[in-house]
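Shown next, in structure tokens, is the structure this report addresses.
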Ligand SMILES: NC(=O)c1ccc[n+]([C@@H]2O[C@H](COP(=O)([O-])OP(=O)(O)OC[C@H]3O[C@@H](n4cnc5c(N)ncnc54)[C@H](OP(=O)(O)O)[C@@H]3O)[C@@H](O)[C@H]2O)c1
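Numbering (the numbering used here), first residue to last: 699 to 1098.
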């Protein structure tokens, strides 16, 4: 039966999802792109129409459950892919519950007025999704997403016990701006200016923002400074990779980015507390987002590569094992293929693959799940086929 997919959002990541769904038209023969600004959806349609995937567009405010429900009832999709912002996760999940349709996203819910992201709000939907006989796949981008699939792959094929996981996210790309973010500025700045944390021996260890710094020599990129951040997949991996003793997440940042960020934090521009400005209530971070370059516009300017992956330590058959699995992605190659930089690409491709896993029934069970709870093999194969090939080594340099 011909499957229909509703894609909500029309930003940098959605652009890649739409391109990749059109390439994979056998699984995505019919898509509807819906977002707050319909002209952005129409621009995608104009660019990609004429291929084998039938494309329609719609306007939707995804903060409004009734509007999403009406759109779902009208279009009748088999799957809703939330590629808007984390603020919309719960409203879109509510609409999926009301209409009995499967759900996928790439980032866990964040309340708009608290810079805090955790899975508890979405995990609370487990029973309701299970009873309704529908599935939600959470966090199916690269990190979270592929990092969870890598973890399930390591667990299934290379370890009896995993002791430690270090997730390393390196962006060696240069867009030429002194300061810009590679995905939604508001979400990005909330993430990196928050306190850090990691999971050790069954509890969270908290750090000051950017307190823990390491240098790492990344294959394909070279030496970069990376900083420990809190990241959402730590929470789900701590639950799903049984016996794991420590999970950390590191991301690379250049000096220019950090200097600008520090200054913006110090002057209050990253605050999410509303202020009064000439009689208007404005939120400084929202204003900052409006003046920063749109991540979707960085594609033509960004040169260099990303290297994102996981280093595992543990044992197999009583012997110690170290294992590093990662992907190297080239910004300019991504731009040539789909008109986007690698951060959008490395998020959009796994989202398409997650949708494919659900629509083809390879990953399908009622309830709310994280990616590492499914068989990683078909996903790992699809990564090689659809643009994010992985490589691995049993002799990685470990992070101290
Ligand atoms: N897991 C990962 O590896 C990973 C990595 C990077 C990003 N992400 C996630 O990917 C998602 C998309 O990021 P992005 O960089 O593509 O962001 P973006 O360029 O800012 O695009 C967001 C899109 O969502 C739309 N939107 C926002 N609020 C909406 C609402 N209430 N109703 C309908 N549409 C709405 C926006 O509409 P307008 O065009 O009208 O503003 C825009 O088209 C985010 O959730 C981000 O956290 C995940």
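Where a beta carbon is used, it is the ideal one built from N, C-alpha and C, also for glycine. Given the structure is predicted, the values throughout are model-derived calculations rather than measurements.
Rounded to the nearest whole angstrom, the C-alpha separation of residue 987 and residue 824 is 34 Å. By the criterion of a C-beta distance shorter than 6 Å, residue 919 is surrounded in its chain by 868, 870, 1003, 1005, once the five residues flanking it on both sides are discounted.
The stretch 1040-1056 and the stretch 1072-1084 touch, with no fewer than 3 CB-CB distances between them shorter than 8 Å.
In this chain, the beta strand (DSSP E) harbouring residue 1022 covers 1017-1028. The distance from the Cβ of residue 770 to that of residue 778 is about 7 Å, consistent with a contact at the 8 Å cut-off. Residue ranges of uninterrupted beta strand (DSSP E) with 3 or more members, entirely inside the stretch 831-888 and ordered along the chain, are 833-836, 859-869. For the set 860, 856, 791, 851, the Cα lying nearest the Cα of residue 826 is the one of 791. Bridge pairing for residue 765: absent [DSSP]. Residue 1089 and residue 1025 have their C-alpha atoms roughly 6 Å apart.
A direct Cα-Cα distance of roughly 44 Å separates residue 921 from residue 755.
Residue 732 is bridged by DSSP to 706, 756. Residue 902 and residue 928 have their C-alpha atoms some 10 Å from each other. Residue 1083 counts as exposed, since fewer than 16 other beta carbons sit within 10 angstroms of its beta carbon. Under the 8 Å Cβ criterion, the stretch 713-724 counts as touching the stretch 1030-1044, having at least three qualifying pairs. The beta-carbon distance between residue 881 and residue 993, rounded to whole angstroms, is 5 Å. This is short enough to meet the 8 Å contact definition. Residue state for residue 974 is assigned as strand, using DSSP reduced to three classes. Take residue 832, set aside five residues on each side of it, and the residues of its chain with a beta-carbon closer than 8 Å to its own are 794, 795, 798, 799, 800, 801, 1064, in chain order. Straight through space, the alpha carbons of residue 964 and residue 983 are spaced by roughly 13 Å.
Boundaries for residue 968: no beta strand (DSSP E) harbours it, and the DSSP string shows neither H nor E there. The residue from 758, 819, 1037, 730 with its alpha-carbon nearest to that of residue 773 is 730. Cβ contact annotation for residue 738 (same chain, cutoff 7 Å, sequence separation greater than five): 708, in chain order. Taken atom to atom, the span from the alpha-carbon of residue 853 to that of residue 981 is near 44 Å. Between the alpha carbons of residue 725 and residue 766 lies a distance of about 23 Å. When distances are taken from the beta-carbon of residue 888 to the heavy atoms of ligand 1, even the shortest one reaches 7 Å or more. Residue environment: residue 808 is assigned as buried (16 or more neighbouring CB atoms within 10 Å of its CB, all protein chains considered). The count of Cβ pairs closer than 8 Å, one atom from the stretch 961-978 and one from the stretch 850-865, stays below three, leaving the stretches out of contact. When DSSP reads this structure, residue 1003 sits in a beta bridge with 1028. It is roughly 24 Å from the alpha-carbon of residue 956 to the alpha-carbon of residue 1038.
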